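**Q** So this note's numbering is basically just the index in the sequence shown, starting at one, shifted up by 119. We put the beta carbon where it would ideally sit given N, CA and C, even for glycine. Note that this is a predicted model, so its numbers are computed, not measured. Have a look at this one.
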Amino acid sequence: IDQFFDRLMQFGSGDEGWTPAAEYTPAYRQLRLDVTKDVSYMRYEVLLDASHEEASTVLRPEVFYHPLRAEFDPSIADLSVVKEFAPGDCLVKFRMRQTKHLQKSLSLIGTATGHQTKRPELGTNFARVAVRRDFPQPGFFAFCNVPCDASRMMLVEDSGLVKARIGYLKPAEDPTKSWVIEIHRLQRVPSWVTALLPDTHRFKTEWVNAYKKSNLGRQVREGTARYQYTVVGLRKCQRGPPLLPVVSGEATEGAVFADAKIPYWVHSEKEGFSFSSYLRRFLAALREPAEVFDSLDGRYLVPYQACMHTSVWERVWPSIEAAFKEQRAAYRRLNGGSGAPTLVIGAEPRFLPNSGWPTASYGAEPRDWLGAQVHGTFLDFRKPRAPRSRCGSAPELPPDDEDGEEGE
Numbered sequence: 120i121d122q123f124f125d126r127l128m129q130f131g132s133g134d135e136g137w138t139p140a141a142e143y144t145p146a147y148r149q150l151r152l153d154v155t156k157d158v159s160y161m162r163y164e165v166l167l168d169a170s171h172e173e174a175s176t177v178l179r180p181e182v183f184y185h186p187l188r189a190e191f192d193p194s195i196a197d198l199s200v201v202k203e204f205a206p207g208d209c210l211v212k213f214r215m216r217q218t219k220h221l222q223k224s225l226s227l228i229g230t231a232t233g234h235q236t237k238r239p240e241l242g243t244n245f246a247r248v249a250v251r252r253d254f255p256q257p258g259f260f261a262f263c264n265v266p267c268d269a270s271r272m273m274l275v276e277d278s279g280l281v282k283a284r285i286g287y288l289k290p291a292e293d294p295t296k297s298w299v300i301e302i303h304r305l306q307r308v309p310s311w312v313t314a315l316l317p318d319t320h321r322f323k324t325e326w327v328n329a330y331k332k333s334n335l336g337r338q339v340r341e342g343t344a345r346y347q348y349t350v351v352g353l354r355k356c357q358r359g360p361p362l363l364p365v366v367s368g369e370a371t372e373g374a375v376f377a378d379a380k381i382p383y384w385v386h387s388e389k390e391g392f393s394f395s396s397y398l399r400r401f402l403a404a405l406r407e408p409a410e411v412f413d414s415l416d417g418r419y420l421v422p423y424q425a426c427m428h429t430s431v432w433e434r435v436w437p438s439i440e441a442a443f444k445e446q447r448a449a450y451r452r453l454n455g456g457s458g459a460p461t462l463v464i465g466a467e468p469r470f471l472p473n474s475g476w477p478t479a480s481y482g483a484e485p486r487d488w489l490g491a492q493v494h495g496t497f498l499d500f501r502k503p504r505a506p507r508s509r510c511g512s513a514p515e516l517p518p519d520d521e522d523g524e525e526g527e
């Protein structure tokens with residue numbers, strides 16, 4: 120998926136070589152760049168009636184492909200998230216509806232290319248949708264929507280009616296508004312056709328207004344849309360990382376005895392410590408397995424932070440709270456002193472600098488790009504294997520002045 124995000128660096132800004140494809144207005148620009156005889160790019164710049172924060176939330180795949188979108192978007196019949204690889208990185212599926220906007224676009228492009236379609240196939244489509252915070256510049260919010268050829272399990276430029284769509288948001292001078300810049304790749308579409316395509320500015324303006332009035336918009340504003348994430352961190356680890364509970368049946372050599380509900384605790388590895396890995400093991404030992412992430416919106420968190428669905432965190436917190444309190448007692452018994460690791464709930468996310476992108480290729484083979492393998496007629500999804508880049512300047516254990524709500 121990196122190759123699609125890279126287009127933003129190449130085509131996302133600067134007007135050199137671009138020609139106007141429609142009359143400019145203070146809220147809209149449409150430009151065209153001819154790369155070869157057959158390949159062109161369109162760049163749409165639209166001023167949205169939504170703040171940068173609000174627009175960024177809408178473009179997250181967990182929100183943009185929420186089933187409630189079908190209630191207000193006439194172009195969508197149904198949609199859902201199939202697999203979540205990480206917060207802001209999902210495999211989605213959807214079915215489109217025939218609309219006047221779609222019919223006009225197909226008719227114009229079909230006339231120009233000589234490939235008229237009597238009736239487009241409106242079956243189920245798959246796409247990989249990801250976002251990247253602070254890309255292609257700090258303060259921007261990039262998004263990438265790439266179709267998937269489900270028969271070959273590969274990301275493709277287009278699959279039937281679905282085309283690859285990339286772009287980014289940037290703040291506007293008016294804090295209640297934001298700019299969205301989208302890049303579309305065209306194949307053998309002459310300039311006279313692009314000048315006649317439906318009004319993108321009007322379409323996006325109407326869509327945003329409909330979203331704000333919808334049940335989905337209301338749930339997002341109220342925090343009940345079940346897409347929210349909670350960042351959890353560690354502090355006060357002066358004498359090393361926190362201890363892990365001993366799972367029943369494990370060897371107890373080197374374990375610390377605690378006269379409590381969980382009687383034995385062992386050291387977690389200090390070298391290469393990752394709080395997300397620690398938390399997974401901690402929850403597994405409590406028989407509360409849950410998805411724990413080490414990235415958010417396309418950026419790796421520092422090693423002493425992890426991210427979970429808020430609804431999942433609220434479910435497991437009672438178990439964690441009691442067990443981690445016992446861990447603190449065992450930690451003081453082992454190391455002496457009064458200090459012990461503390462949890463920071465709802466921490467402000469901190470990211471590894473220059474750490475690469477978790478949405479990079481998940482394997483050498485194209486069939487791995489979606490995090491899925493084909494077994495017979497089934498798709499087998501597994502956790503992506505993106506390599507974790509290390510940064511020598513990033514601390515492996517948290518600073519003592521981490522702010523946030525503490526869990527004892």
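(1) Any idea what DSSP makes of Ile439, helix, strand or coil?
(2) What would DSSP say about Gln424, mapped onto helix, strand or coil?
(3) Would you say Glu173 and Val200 are within 8 angstroms of each other, going by their C-beta atoms?
(4) Whose C-beta lies closer than 8 angstroms to the C-beta of Gly495 among residues of the same chain, with five residues either side of it excluded?
(5) Look up Pro503 in the DSSP assignment and say whether it is helix, strand or coil.
(6) Restricting to Cα atoms, I'd like to know which of Ser132, Thr243, Asp157, Thr144 is closest to Phe259.
(7) Apart from the five residues just before and just after Glu203, which ones in its own chain have a Cβ nearer than 7 angstroms to its Cβ?
(8) Is DSSP giving Arg418 helix, strand or coil here?
(9) CA-CA distance, Arg358 and Asp268?
(10) Say whether the stretch 294-309 touches the stretch 154-163, bearing in mind that this needs 3 or more beta-carbon pairs closer than 8 angstroms, one atom from each stretch.
(11) What number of angstroms, rounded off, separates the C-alpha of Tyr143 from the C-alpha of His320?
(12) Count the other CB atoms, across all protein chains shown, that sit within 10 Å of the CB of Asp192; report buried if there are 16 or more and exposed otherwise.
(13) Can you tell me which of Tyr450, Trp436, Gly136 puts its alpha carbon nearest to the alpha carbon of Pro460?
(14) Would you call the stretch 435-443 and the stretch 396-408 in contact, with 3 or more CB pairs under 8 angstroms?
(15) According to DSSP, simplified to helix, strand and coil, what is Gln129?
(16) What residue from Ala442, Gln149, Arg418 has the CA that sits closest to Gln469's CA?
(17) Starting from Trp137 and walking both ways along the beta strand (DSSP E), at which residues does that stretch end?
(18) Suppose you measure from the CA of Thr324 to the CA of Ser333; what does that come to, to the nearest Å?
(19) Counting only runs that start and end within the stretch 266-341, where is the beta strand (DSSP E) found for 3 or more residues in a row?
(20) For Val165, verify whether its CB is less than 7 angstroms away from any heavy atom of the ligand SAM.
(21) Which one of Val385, Ala169, Pro290 has the shortest CA to CA distance from Glu445?
(22) Between which two residues does the alpha helix (DSSP H) containing Thr343 stretch?
(23) Is the beta carbon of Gly286 sitting closer than 8 angstroms to the one on Glu301?
(24) Does DSSP put Leu167 in a helix, a strand or coil?
(25) Given a cut-off of 8 angstroms on the beta-carbon distance, is the pair Leu363 and Arg400 in contact?
(26) If we require 3 or more residues per run, which beta strand (DSSP E) segments fall completely within the stretch 153-206?
(27) Measure the alpha-carbon distance for Leu274 versus Ser457 and round it to whole angstroms.
(28) Short of 6 angstroms in beta carbon distance, which residues of its chain neighbour Leu187, apart from the five on each side in sequence? Order them along the chain.
(29) Is it the case that the Cβ atoms of Val250 and Asp121 are separated by a distance below 8 angstroms?
(30) Does DSSP put Phe470 in a helix, in a strand, or in coil?
(31) Assuming Val154 and Tyr184 form a contact by the criterion Cβ under 8 angstroms, report the distance between their Cβ atoms to the nearest whole angstrom.
(32) Rounding to the nearest angstrom, what Cα-Cα distance links Ser310 and Gly136 in this structure?
(33) Within 10 Å of its beta-carbon, does Glu390 have 16 or more other beta-carbons around it, so buried, or fewer, so exposed?
(34) How many angstroms separate the CA atom of Ala169 from the CA atom of Thr295?
(35) In terms of residues, what are the limits of the alpha helix (DSSP H) holding Phe394?
**A** On the basis of the data shown:
(1) Here residue 439 corresponds to residue number 320 of the sequence shown, with the count starting at 1. The three-state reading of DSSP puts Ile439 in helix, counting H, G and I together.
(2) Here residue 424 refers to the residue found at position 305 of the sequence shown. Looking at Gln424 - three-state DSSP - the assignment turns out to be strand.
(3) Stepping through the sequence shown from its first residue, residue 173 is reached at position 54. Stepping through the sequence shown from its first residue, residue 200 is reached at position 81. The Cβ atoms of Glu173 and Val200 lie no closer than 8 angstroms to each other.
(4) Here residue 495 corresponds to residue number 376 of the sequence shown, with the count starting at 1. Per-residue confidence for Gly495 stands at a pLDDT of 35, beneath the threshold of 50, marking its modelled position as unreliable; the derived number appears in the next sentence. Non-local C-beta neighbours of Gly495 in its own chain, meaning closer than 8 angstroms and more than five positions away in sequence, are absent.
(5) On the sequence shown, residue 503 is found 384 positions in, with the first residue counted as 1. Here Pro503 scores only 40 on pLDDT, less than 50, and its place in the model should not be relied on; the value that follows carries that caveat. Coil at Pro503, not helix or strand.
(6) Within the sequence shown, residue 259 is the residue found at index 140, counting from 1. Comparing Cα positions, the closest option is Ser132.
(7) Stepping through the sequence shown from its first residue, residue 203 is reached at position 84. For Glu203, the CB contacts under 7 angstroms within the same chain, skipping 5 residues up- and downstream, are Cys209 in chain order.
(8) Here the question's residue 418 lines up with position 299 in the sequence shown. It is a strand residue.
(9) On the sequence shown, residue 358 is found 239 positions in, with the first residue counted as 1. On the sequence shown, residue 268 is found 149 positions in, with the first residue counted as 1. Rounded to whole angstroms, Arg358 to Asp268 spans 51 angstroms at the Cα level.
(10) Touching, yes, given that three or more Cβ pairs across the two stretches are closer than 8 angstroms.
(11) For the purposes of this step, residue 143 is identified with residue 24 of the sequence shown, where counting begins at 1. For the purposes of this step, residue 320 is identified with residue 201 of the sequence shown, where counting begins at 1. A direct Cα-Cα distance of roughly 11 angstroms separates Tyr143 from His320.
(12) Looking up residue 192 in the sequence shown gives position 73. That one is buried.
(13) Start at 1 with the first residue of the sequence shown, and residue 460 comes out as number 341. When only C-alpha atoms are compared, the closest one is Tyr450.
(14) Contact between the stretch 435-443 and the stretch 396-408 is present, because at least three Cβ pairs lie under 8 angstroms.
(15) Against the sequence shown, residue 129 aligns to sequence position 10. DSSP places Gln129 within a helical segment (H, G or I) once states are collapsed to three.
(16) One-based indexing of the sequence shown puts residue 469 at position 350. In the sequence under discussion, the amino acid at residue 469 is Arg, which differs from the Gln named in the question. Looking at the Cα atoms, Arg418 is the closest of the given residues.
(17) The residue labelled residue 137 in the question sits at position 18 within the sequence shown. Element bounds for Trp137: n/a, residue is neither H nor E.
(18) Locating residue 324 in the sequence shown gives position 205, counting from the first residue. Locating residue 333 in the sequence shown gives position 214, counting from the first residue. For Thr324 and Ser333, the distance between alpha carbons rounds to 14 angstroms.
(19) For secondary structure counted as the beta strand (DSSP E) over 3 or more consecutive residues, the stretch 266-341 holds these complete runs in sequence order: 284-290, 297-306.
(20) In the structure on display, the ligand SAM does not appear, and there are no ligands present to speak of.
(21) Position 326 of the sequence shown, counted from the first residue, corresponds to residue 445. Per the Cα distances, Val385.
(22) Start at 1 with the first residue of the sequence shown, and residue 343 comes out as number 224. Careful: Thr343 lies outside any alpha helix (DSSP H) and carries neither H nor E.
(23) As a position in the sequence shown, residue 286 is number 167, starting the count at 1. As a position in the sequence shown, residue 301 is number 182, starting the count at 1. Yes, Cβ-Cβ distance for Gly286 and Glu301 is below 8 angstroms.
(24) Residue numbering aside, residue 167 sits at position 48 when the sequence shown is read from its first letter. In the structure shown, Leu167 adopts extended strand secondary structure according to DSSP, grouped into three states.
(25) Numbered from its first residue, the sequence shown carries residue 363 at position 244. Numbered from its first residue, the sequence shown carries residue 400 at position 281. Yes, they are a contact pair.
(26) DSSP runs (the beta strand (DSSP E)) wholly in the stretch 153-206: 158-167, 195-205.
(27) Locating residue 274 in the sequence shown gives position 155, where the first residue counts as 1. Locating residue 457 in the sequence shown gives position 338, where the first residue counts as 1. Taking C-alpha positions only, Leu274 is separated from Ser457 by approximately 54 angstroms.
(28) Translated into positions along the sequence shown, residue 187 becomes position 68. In the same chain as Leu187, and ignoring 5 residues on each side of it, the C-beta atoms closer than 6 angstroms to its own belong to Asn334, Leu335, in chain order.
(29) By one-based count along the sequence shown, residue 250 stands at place 131. By one-based count along the sequence shown, residue 121 stands at place 2. Taking a C-beta distance under 8 angstroms as the contact criterion, Val250 and Asp121 do not qualify as a contact pair.
(30) Numbered from its first residue, the sequence shown carries residue 470 at position 351. Phe470 sits in a strand when the DSSP states are folded into three classes.
(31) For the purposes of this step, residue 154 is taken as the residue at position 35 of the sequence shown. For the purposes of this step, residue 184 is taken as the residue at position 65 of the sequence shown. That pair is no contact at about 30 angstroms.
(32) Sequence index remark: in the sequence shown, residue 310 carries index 191 (1-based). Sequence index remark: in the sequence shown, residue 136 carries index 17 (1-based). Computed Cα separation, rounded: 14 angstroms.
(33) Indexing the sequence shown from 1 puts residue 390 at position 271. Counting Cβ neighbours within 10 Å, Glu390 comes out exposed, since fewer than 16 surround it.
(34) Start at 1 with the first residue of the sequence shown, and residue 169 comes out as number 50. Start at 1 with the first residue of the sequence shown, and residue 295 comes out as number 176. So the two alpha carbons sit approximately 6 angstroms from each other.
(35) Residue mapping note: residue 394 aligns to position 275 of the sequence shown, counting from 1. It spans 394-404 - the alpha helix (DSSP H) in which Phe394 sits, taken as one unbroken run.
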